[in-house]
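Numbering (the UniProt record's numbering), first residue to last: 1 to 127.
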């Protein structure tokens with residue numbers, strides 16, 4: 001009997017009391033687990049909702065900025081073509097003005113040399 005008493009001394013009684021209490025209040029413990037599960041799932045759903053809202057906001061911002069950049073690029077191309085066309089017109093005008101000045105200088109030089117400007121030219125038709 002001495003051995004049995006020693007074994008009884010070795011048994012940890014608070015653990016046994018705890019397990020008995022758990023089985024005694026099994027329904028309440030189960031309800032508490034359900035509450036914590038619902039709380040955890042609600043937290044998870046809130047995190048998913050917040051992250052998806054952030055993702056959607058960032059993607060919408062990215063799309064609007066991309067659209068604005070493309071719109072500005074198209075406007076820049078139109079302005080560049082207009083500038084190029086006006087430069088061509090200005091170059092043509094400068095060239096024609098220079099050529100008129102050159103023609104006038106040649107005309108004045110030819111008058112000084114003795115050539116006469118014949119404006120009274122008549123054309124003859126042969127039928």
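Beta carbons are placed, not taken as given, at the ideal position from N, Cα and C, and that holds for glycine.
Small disclaimer: the values here were computed from a predicted structure and weren't measured.
Considering only residues of the same chain and omitting the five flanking positions on each side of residue 96, which have a CB-CB separation below 7 Å?
The residue given as residue 96 occupies position 96 in the chain shown. Nothing meets the Cβ criterion.
Using the C-alpha atoms, what's the distance from residue 79 back to residue 64?
Position 64 of the chain shown holds residue 64. Position 79 of the chain shown holds residue 79. Straight-line Cα distance between these residues: approximately 23 Å.
Quick one: grab the DSSP three-state call for residue 39.
On the chain shown, position 39 is the one that residue 39 refers to. Correct three-state label for residue 39: helix.
Helix, strand or coil for residue 123? Go by DSSP, reduced to three states.
Along the chain shown, one-based indexing puts residue 123 at 123. In the structure shown, residue 123 sits in coil (DSSP, three-state: anything other than H, G, I, E or B).
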